[in-house]
Amino acid sequence: MSNRLRAMQGAVGLLYLGPLLAGLGGFDWVIVPVFTLIFLLWLLAMRPDEWPRSPAEWQSPDAWIALLMRVVVQFALVALCFAIGRGLGGVVAADLPMPVMLPIGLSLVAVPLARLFCPPGQMAEMTLFLHDAADQVEATATPDADAAARAARRLLAERLTQPLADLGAATRQETIAAHLHALEAHLPAEDLYEALQARLAGADRASVLRRAFILHATSPLTVEACPGRATPVKALQATEADPDLLILFARRCIELLEHHADAWGECPNEQALEAARLGTPPEVDELLSRLIAQSRALAPLAADGR
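Residues in the sequence shown are numbered from 1 upward in steps of one, following UniProt numbering.
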């Protein structure tokens with residue numbers, strides 16, 4: 001059905017392309033009634049049940065009123081397409097020499113093509129298909145479609161983060177940050193966070209992914225988009241006591257709290273930072289000590305459970 005619908009759309013496109021092309025070609029307005037007749041022929045071919053079928057039915061005033069209304073509507077459609085073509089031709093100063101039968105032929109050929117792709121007896125089926133499609137589109141905006149929408153977002157995030165996961169262990173920090181910046185332009189911060197977290201939860205725990213996760217989880221944008229999820233705490237856990245990753249985490253968290261003091265509640269508490277500091281090299285110890293002092297200064301109460 002979808003292939004037939006696309007074919008019908010192509011035929012409709014040819015029908016409207018005729019008067020548009022005639023306008024571009026600079027033809028006179030006297031050609032508009034010709035296209036109006038073709039448009040009426042289209043209606044007759046595709047909707048024969050809407051036309052009187054016997055001489056007796058044509059004698060009814062309602063039949064002639066309906067015909068007049070169809071003529072007016074189709075004339076207006078043709079005139080609009082023709083005027084758009086004339087306007088475009090004037091703007092771009094296009095001079096398209098063409099035989100008059102070219103645009104007329106395009107619209108004419110649309111009638112048998114449409115009849116071929118969708119015989120009148122199948123118009124009801126086509127209409128039902130379109131209504132079903134519209135219902136599905138409307139359903140995506142309802143709460144019942146939330147689960148499917150979330151699944152689609154997760155799949156998209158998984159696909160978009162694959163190039164990041166493919167980076168080598170020696171990838172520079174600037175390159176990873178550039179990848180994250182590009183991803184943030186296409187994914188909500190929460191979706192990107194969950195995609196990176198899912199990759200870390202799997203078998204792939206490459207250093208580049210852990211660095212990317214720490215960078216993203218300590219971003220102000222992520223902390224704001226994921227309230228109550230303690231994303232910097234997850235970043236600390238992702239270091240797995242690796243000294244280089246602890247340095248990255250501490251610097252990022254210090255910078256986060258310097259510019260966004262309200263993020264304190266999402267960050268690891270003093271006890272967690274002290275535990276991470278034990279037995280670390282001097283540079284790591286110094287940075288974590290700074291972070292502990294900063295956290296202690298920002299809030300009088302420790303965040304129990306962090």
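C-beta: ideal position from N, C-alpha, C; glycine also. Since the structure is predicted, the reported quantities are computational estimates derived from the model, not experimental observations.
Report buried or exposed for residue i, applying the criterion of at least 16 other Cβ atoms within 10 angstroms of its Cβ.
i: Leu20; result: buried
i: Val111; result: buried
i: Ala261; result: exposed
i: Met98; result: exposed
i: Arg199; result: buried
i: Asp191; result: buried
i: Arg150; result: exposed
i: Glu174; result: exposed
Indicate the three-state DSSP secondary structure (helix, strand or coil) for residue i in the structure shown.
i: Ser107; result: helix
i: Asp242; result: coil
i: Glu51; result: Residue identity check: residue 51 is Trp in the sequence provided, not Glu. Three-state DSSP puts Trp51 in coil, outside helix and strand.
i: Pro282; result: helix
i: Gly18; result: helix
i: Ser219; result: coil
i: Pro268; result: coil
i: Arg296; result: helix
i: Asp191; result: helix
i: Leu96; result: coil
i: Thr161; result: coil
i: Thr171; result: coil
Measure the alpha-carbon distance for residue i versus residue j and round it to whole angstroms.
i: Trp58; j: Leu156; result: 58 Å
i: Trp64; j: Arg70; result: 10 Å
i: Ser289; j: Glu158; result: 36 Å
i: Trp264; j: Leu257; result: 7 Å
i: Trp29; j: Ala22; result: 9 Å
i: Gly26; j: Leu96; result: 8 Å
i: Glu283; j: Leu221; result: 28 Å
i: Arg296; j: Leu273; result: 11 Å
Output needed for residue i: all residues of its chain with C-beta closer than 8 Å, excluding positions within five of it in sequence on either side, in chain order.
i: Ala212; result: Leu164, Ile176, His179, Leu180, Leu196
i: Leu298; result: Leu257, Ala261, Trp264
i: Ala169; result: Ala206, Ser207, Val208
i: Pro52; result: Trp58, Ser60, Ala63
Please return the same chain residues whose Cβ sits closer than 7 Å to the Cβ of residue i, not counting the five positions on each side in sequence.
i: Val78; result: Pro19, Val32, Phe35, Thr36, Phe39
i: Gln74; result: Thr36, Phe39, Leu40
i: Leu108; result: Ile38
i: Ala11; result: Ala110, Leu113, Ala114, Phe117
Once the 5 residues before and after residue i are set aside, which same chain residues still bring their CB inside 6 Å of it?
i: Val100; result: none
i: Phe249; result: Ile214, Ala235, Leu236, Thr239
I want to check one thing, is the minimum distance from the CB of residue i to the heavy atoms of the ligand MG below 7 Å?
i: Gln74; result: The model depicted lacks the ligand MG and carries no ligand whatsoever.
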